[in-house]
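Take a look at the structure below.
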Amino acid sequence: MVNSFIPYGQQSISKQDIDAVVEVLKSDWITQGPAIDRFEKAVAEYCGVKYAVAVSSATAALHIACLAVSLGHGDSLWTSPNTFVASANCGLYCGAQVDFIDIDPHTYNLNIKELERKLAWADKQGCVPKVLVPVHFAGQSCEMKEIAALSEHYGFKVIEDASHAVGGKYQGEPIGNCKFSDITVFSFHPVKIITTGEGGMLLTNQEELYQKLIRLRSHGITRNPDLMQGETHGAWYYQQLELGFNYRITDIQAALGTSQLQKLDEFVERRQFLAQRYNRLLQELPLTLPWQHSDSESSWHLYVIRLKLDKINKTHRQVFEELRQKGIGVNLHYIPVPIQPYYQQLGFKLGDFPQAEIYYQEAISIPLYYGLDEESQDKVIASLKEILK
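Numbering follows full-length UniProt numbering, with no gaps: position 361 of the sequence shown is 361.
Written as structure tokens, this is what we have:
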């Protein structure tokens with residue numbers, strides 16, 4: 001049955017998920033208990049990485065990831081302009097400056113050639129960034145092997161913003177294994193591939209970073225006697241070693257996440273099927289469809305079309321609004337971060353990142369989620385054909 005309103009994204013909650021949450025609610029632990037540890041171990045095993053740290057959101061994850069690699073005043077962080085503001089804000093939270101690398105016109109991820117050019121310039125100026133945050137837009141990995149080589153050459157840290165990309169692969173291996181980065185961040189917001197309601201995860205292969213992330217998510221506190229200054233006072237004792245935050249996730253959320261994780265491959269497979277179906281049925285329309293790099297197997301968090309405005313007699317806004325009027329809950333990912341008023345106050349201006357700005361003038365995210373049935377997808381396609389005819 002076709003829904004009267006079709007959202008661009010939506011969680012899929014089963015009886016198994018509900019039962020997992022109810023089991024925790026009936027247990028002795030609902031906040032900080034064993035379900036968190038199980039969730040972290042399950043995600044780490046899935047991704048083939050040594051350590052995982054669950055937190056309250058991907059924004060929290062990005063913040064403490066930056067702190068864990070010692071980003072601070074006098075440093076800079078570079079990221080993509082085509083992302084949610086959190087990918088850049090995390091640098092500002094730490095007192096660092098933020099800059100951007102324009103996007104590749106095909107993948108909509110940061111442009112490797114532009115990154116190489118800007119790094120060479122920054123090296124001569126003595127202002128190479130401390131941290132690079134490549135964003136795996138829509139579920140497709142950035143070119144991480146090339147980024148890792150540049151990281152080794154110039155000495156910056158790499159934090160993968162894989163908020164869109166849990167369940168995706170790069171060069172045949174799971175995104176999140178940190179083969180080419182220091183830390184990877186996932187998001188479990190309801191419109192993402194799997195959900196914990198709100199929540200995020202940090203992954204790393206470096207024990208020192210792991211121990212620091214564990215402390216930073218919980219006020220900078222440790223109960224490990226080996227890390228304390230002086231002798232422990234007893235079993236009750238803890239020490240605050242640095243300024244941390246209350247970024248903890250709950251057992252309730254972790255139980256939902258562990259249950260959802262068991263269906264991750266099924267969720268991604270369905271999204272891939274729907275994306276391929278869009279590719280086939282939209283190819284005759286005046287649209288640019290998503291392009292996939294041969295090294296990447298996207299988890300398809302988003303399906304983004306770009307309007308060929310020179311071939312239609314409507315504006316970007318008209319198409320967007322007409323789709324919504326037809327009950328198609330389209331969205332737009334993203335408004336380039338540097339054109340936000342806050343960032344313009346920091347000195348950025350229109351024209352600084354032309355590819356991201358052109359993309360923004362043409363892009364629309366159309367519905368794609370596990371529960372989207374083919375009849376509803378056909379309604380999306382028919383609506384596009386009618387509006388663009």
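Note that the Cβ used here is the ideal one computed from N, Cα and C, for glycine as well.
Note that the structure is a prediction, hence the values are computed from the model and not measured.
Would you identify the three-state DSSP class for residue i, choosing helix, strand or coil?
| i | result |
| --- | --- |
| Gly168 | coil |
| Asp17 | helix |
| Tyr46 | helix |
| Pro286 | coil |
| Leu203 | strand |
| Asn89 | helix |
| Asp161 | strand |
| Val53 | strand |
| Met1 | Bear in mind that the predicted position of Met1 carries a pLDDT of just 47, short of 50, making it too unreliable to give a figure here. |
| Gly257 | helix |
| Val69 | coil |
| Phe156 | coil |
Are the beta-carbon atoms belonging to residue i and residue j less than 8 Å from one another?
| i | j | result |
| --- | --- | --- |
| Tyr278 | Tyr303 | yes |
| Asp54 | Gly72 | The residue asked about is misnamed: residue 54 is Ala in this sequence, not Asp. Cβ distance not < 8 Å, so Ala54 and Gly72 don't count as in contact. |
| Ile194 | Leu274 | no |
| Met144 | Ser181 | yes |
| Val24 | Ile252 | yes |
| Arg248 | Gln32 | yes |
| Leu307 | Leu384 | no |
| Phe137 | Asn177 | no |
| Leu323 | Ile387 | yes |
| Glu266 | Lys169 | no |
Out of curiosity, what's the CA-to-CA distance linking residue i and residue j?
| i | j | result |
| --- | --- | --- |
| Pro354 | Asp102 | 7 Å |
| Ile339 | Glu45 | 39 Å |
| Tyr93 | His219 | 16 Å |
| Ser56 | Glu242 | 19 Å |
| Ala65 | Asp226 | 23 Å |
| Asp373 | Leu209 | 42 Å |
| Phe125 | Tyr154 | For the sequence presented, residue 125 should be read as Gln rather than Phe. In a straight line, the C-alpha of Gln125 is about 13 Å away from that of Tyr154. |
| Lys41 | Arg215 | 18 Å |
| Gly347 | Leu77 | 15 Å |
| Asn205 | Lys50 | 5 Å |
| His233 | Gln211 | 21 Å |
| Val319 | Thr79 | 30 Å |
| Met1 | Thr315 | Low confidence applies to Met1: its pLDDT is 47, below 50, so where it sits in the model is not reliable, and the reading given next is rough at best. Roughly 31 Å separates the two Cα atoms. |
| Val85 | Glu231 | 43 Å |
| Leu119 | Ser141 | 21 Å |
| Val158 | Gln292 | 23 Å |
On the premise that residue j lies in contact with residue i, defined as a C-beta separation below 8 Å, what is that separation, rounded to the nearest angstrom?
| i | j | result |
| --- | --- | --- |
| Tyr359 | Tyr108 | 6 Å |
| Val185 | Ser151 | Wrong, their Cβ atoms sit about 16 Å apart, outside the cutoff. |
| Ile312 | Pro341 | About 30 Å separates the two Cβ atoms, so there is no contact after all. |
| Glu146 | Ile112 | 5 Å |
| Val131 | Gly74 | Going by Cβ atoms, the distance from Val131 to Gly74 rounds to 13 Å, so no, they are not a contact pair. |
Examine the ligand FMN and report whether any of its heavy atoms sits within less than 7 Å of the Cβ of residue i.
| i | result |
| --- | --- |
| Ile339 | Summarising the ligand content, the structure contains no ligands, and the ligand FMN is consequently not present. |
Provide the residue(s) that pair with residue i in DSSP beta bridges, ordered along the chain.
| i | result |
| --- | --- |
| Pro174 | Lys169 |
| Thr222 | Gln239 |
| Leu77 | Val98 and Val131 |
| Asn331 | Ser365 |
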